[in-house]
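Sequence lines, in order, name chains A and B. In this text, residue positions in the first sequence follow the numbering used here: the first is 1, and each later residue adds one. In this text, residue positions in the second sequence follow the numbering used here: the first is 382, and each later residue adds one.
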Amino acid sequence: MTFGEIIEMLVSIFNTTGFMNLSWKMVIMWGIGSLFMWLAIAKKYEPLLLLPIGFGIFLVNFPLTPLMGVTEHGYRELLNIFYHYGVEWEVIPCVIFLGLGAMTDLGPLIANPKSLLIGAGAQLGVFITFTGAILAGFTLKEAASVGIIGGADGPTTIYLTQHLAPQLLGANALAAYSYMAMVPIIQPIIMRLMTKPEEREIKMKKLRKVSTREKILFPLITTGIIALLVPSVIPLMGMFLLGNLMKECGVVDRLTHTAQGSLMNIVTIFLGISVGATMQADKFLNWKPLFIFGIGLIDFAVCTFGGILTVKIMNIFLKEKINPLIGSAGVSAVPMAARVSQLVGQQYNKKNYLLMHAMGPNLAGIIGSAAAAGMFIAMFK
Amino acid sequence: MNKKAILINFFIFCCLFNSQLFADGSFQVPLPPDGKVIDADKPNRIIKHYSVSMDEIVAFYKTALQDQTEIKWQHKEADKSIKIFDWGNQKWHKITITQENGYVSVLVNKDSWTWITGTLIIRFIGVFIVLIILMISLYISGSIMSSVDKKPKVHPNKV
């Protein structure tokens, strides 16, 4: 072997490493991935999702990595498999909703069905953001997928975005989960701006007891209504209500524990890393993700505003007033938004326990954001 | 004027301002050549009539719009019309091709803020309707279940 051949061989080996194919955009994405990992680890902002998403962003933004492409034999690579079968086929968001339903007590909503109106009112931001996104130059489908971020429902955001604008999946999911984690920072300001001190002190009557029979009937009634009125979201809501039925009937404890425990954890890992893996530098670094982050914040704020406004309008007609602070819980960041209502309420009246009252709108927000997503899907059929 | 009033007024101003901001007269829509312009005076639509067959008009649009990814075709047997919707960023919103007696009519509707705002309001109300129906169902089922649970249990030994 000649010296020249040795050098040539060393150069060709070096060319197969990532160094020769690094770009500044990838370095920026490392920073973005690291930021979200820091938010998850140091600040504990939605760590279950922001950690795998952040790491997914970091991982795919190295050159020549066989992760999101197709092999020479035509097979999908690792993360492409998770993304294709989990997210593109819309399996993972629905399975997450199964787990969510299995861990949610819908008693506060059943005890006070009026909360459903608050959950509906809190979708105001979704529709206003849709308009704002169109003005900014998004297509109608992209605008719809950006609008749903304000519903503060991760699986619904992913479900709708994958349906209408899969190219925005990474940005939308990241915005949704980031702002969900920042609910305790964003909402109190709007709650104080929109309510008077005397309104914040309103004490609400204790919620009635809900029987097991009612809790079993609820998933069946809701499934029927959603299936008839908004059939396009029944994959999502159907799984949520199945999980809830499993929990409430009490005869399938093993299945319930699996759905709310190990199954939920498995799909969360796959979801996080798949979503992060869609954020490759060449696809992510343009004005749209930045705009989505900006408008996502406004979306959240307007949804909070919408929920509180709905309570204020309801109070015009009701004898027993509702504390408007629970209106902000219509944003379906369960249970964080309800806790925020409790904390802010207690700042004005230490004996005011709003948590269970706020859980009603919080849970109604899940149904409300699913209904809004269904409306958007139907718009494009 | 207090802070709340300023914020509310600013919000209303933004909504009103934005609704006028992007109104312009250009359609940027492909139209088959020749044809007779019937109506081009209204700012939000154009109507042209063609003496060729509907298949030729449809073939023209299939070619002209083949690179557009956000196009949806809708065929309506009832009034023998074909509608082409743009869900993307085109200035036009809808093209309606209808077979009339002896000619084909092409109606182009501009991207309309009236349509966008209208459909949003209707769908927002739709969300309320879905949840109101669910709320009513819960009240009914709740009152039935409460009365079933309240019924006194009959002791088996009582006559």
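Glycine included, each C-beta is placed from N, C-alpha and C at the ideal position.
(request) Specify, as a first and last residue, the run of the alpha helix (DSSP H) that B:His430 falls within. (result) Per DSSP, B:His430 belongs to no alpha helix (DSSP H); it is in the beta strand (DSSP E), 426-431.
(request) Mark B:Lys417 as exposed unless 16 or more other C-beta atoms lie within 10 angstroms of its C-beta, in which case mark it buried. (result) exposed
(message) Need the endpoints of the alpha helix (DSSP H) that B:Ser486 sits in, please.
(response) No alpha helix (DSSP H) contains B:Ser486, which is instead part of the beta strand (DSSP E) from 485-491.
(request) Examine chain B for any beta-carbon lying closer than 8 Å to the beta-carbon of A:Pro361, and answer yes or no. (result) no
(message) Taking its Cβ as the centre, do 16 or more other Cβ atoms sit within 10 Å of A:Gln187, making it buried, or is it exposed?
(response) So A:Gln187 ends up on the buried side.
(request) Report back the beta-carbon spacing between A:Phe55 and A:Gly276 to the nearest angstrom; my notes put them in contact at under 8 Å. (result) Your pair A:Phe55 and A:Gly276 checks out as a contact, with CB atoms roughly 6 Å apart and the cut at 8 Å.
(request) Answer yes or no: does any C-beta atom of chain B fall closer than 8 Å to that of A:Glu214? (result) yes
(message) Closest to A:Leu290 by C-alpha separation, out of A:Arg76, A:Val146, A:Gly272, would be which residue?
(response) A:Val146
(message) Would A:Ser332 and A:Ile377 be called neighbours here (beta carbons separated by less than 8 Å)?
(response) no
(message) In chain order, what are the residue ranges of uninterrupted alpha helix (DSSP H) at least 4 long that sit wholly in the region 224-255 of chain A?
(response) 234-249
(message) Mapping the DSSP letters down to three states, classify A:Lys25 as helix, strand or coil.
(response) helix
(request) Kindly indicate which three-state DSSP category B:Trp468 falls into: helix, strand or coil? (result) coil
(message) Let me see if you follow: with CB-CB separation under 8 Å, is B:Leu501 close to chain A or not?
(response) yes
(message) Whole angstroms are fine: how far does the CA of A:Tyr85 sit from the CA of B:Trp494?
(response) Their Cα atoms are separated by approximately 38 Å.
(request) Please report the Cβ distance between B:Asp411 and B:Ile438, rounded to the nearest whole angstrom; I am assuming they are in contact, meaning their Cβ atoms lie under 8 Å. (result) Correcting the residue identity first, residue 411 of chain B is Pro in this sequence and not Asp. Taking C-beta atoms under 8 Å as the contact rule, B:Pro411 and B:Ile438 fail to qualify, at a distance of about 11 Å.
(message) By the DSSP assignment, the alpha helix (DSSP H) with A:Gln162 in it spans what residues?
(response) 154-164
(message) Give me, in chain order, the residues of the same chain whose beta-carbon lies closer than 6 Å to that of A:Ala176; leave out the 5 immediate sequence neighbours on both sides.
(response) Excluding residues within five positions, the ones whose Cβ falls inside 6 Å are Ile149, Gly154, Thr157.
(message) Under DSSP, the beta strand (DSSP E) around B:Asp420 begins and ends at which residues?
(response) 417-420
(request) Enumerate in chain order the residues of its own chain whose CB-to-CB distance from A:Lys25 is below 6 Å, with the five nearest sequence positions on each side excluded. (result) Ala281, Leu285
(request) Could you give the DSSP three-state label for A:Arg208: helix, strand or coil? (result) coil
(message) Quick check on DSSP: helix, strand or coil for A:Ala372?
(response) helix
(message) How far does the beta strand (DSSP E) with B:Thr479 in it extend, from its first residue to its last?
(response) Taken as a continuous stretch (DSSP letters only), the beta strand (DSSP E) holding B:Thr479 covers 473-480.
(message) Under 9 Å, CB to CB, which of the residues in the region 43-69 of chain A have a partner in chain B?
(response) none
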